[in-house]
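Colleague:
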Amino acid sequence: MPEVWIRLNTADRRRNWFWTASLTPVCAGTAVAVPLVEPEEDRWWWAGGCAIVWLAAVVYVINHGHGRTLLPVQGMAFRTFFSRRRLPWVEIVRVERRSHTARSGEWWDLRVVRVRGRDPALPGAFTSRRYDRDFERKLGLIEDSLCRAAAGEEGNPRSAPRH
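Quick note on our numbering: the sequence shown kicks off at 659 and runs consecutively.
See the structure below:
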């Protein structure tokens with residue numbers, strides 16, 4: 659089986675950059691406006707706090723949009739802007755779709771359920787659209803790779819898929 663990459667398509671990456679660019683003037687405006695109305699001794703604490711929140715948000719959005727997952731024969735390889743990580747197929751029980759709701763809307767991502775440990779989100783697999791064909795295709799590719807590994811086709815000692 660050839661190696662498969664799971665990542666955002668061009669339109670989704672553009673949308674991610676749009677939200678990053680939209681976030682910047684909002685945070686910059688807050689960082690300028692709040693210190694103007696605060697007493698002088700608290701002024702720079704507010705400006706610094708706004709700058710830190712903006713920086714954390716921008717780093718999160720860029721890392722989230724830059725991330726991708728490789729599905730080689732040995733397991734999954736996660737790559738983000740800041741990290742690289744591998745999970746062998748024997749450590750993975752299943753991949754599940756998780757829904758998240760906030761005041762601003764709803765979004766879905768894919769999580770790897772492991773035998774032991776934390777369930778990491780798959781980089782490059784998230785959507786805010788209710789019926790996203792590309793997102794479903796990514797889930798299908800991952801489930802297919804996991805089933806092949808569980809069936810022993812990829813050198814995995816498991817005897818049957820766990821779906």
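The beta-carbon is built from N, C-alpha and C at its ideal position, and this holds for glycine as well. Please read all numbers here as calculations on a predicted model, not as lab measurements.
Look at leucine 666 and glycine 782 and say whether their C-beta atoms are less than 8 Å apart.
Modeller: Their beta carbons are under 8 Å apart, which means leucine 666 touches glycine 782 by this criterion.
Colleague: Since histidine 758 sits in a beta bridge, which residues does DSSP pair it with?
Modeller: According to DSSP, which records beta bridges pairwise, histidine 758 is partnered with Trp765.
Colleague: Is it buried or exposed for histidine 758, if we count other Cβ within 10 angstroms and need 16 for buried?
Modeller: Looking at its Cβ environment, which holds fewer than 16 other Cβ atoms inside 10 Å, histidine 758 is exposed.
Colleague: Span of the beta strand (DSSP E) holding proline 822?
Modeller: In this structure the chain extends from 659 to 821, so residue 822 is not present and cannot be described.
Colleague: Since alanine 807 is in the alpha helix (DSSP H), which residue starts that stretch and which ends it?
Modeller: 791–808 is the span of the alpha helix (DSSP H), which, as asked, contains alanine 807.
Colleague: What would DSSP say about leucine 728, mapped onto helix, strand or coil?
Modeller: Here leucine 728 sits in strand by DSSP.
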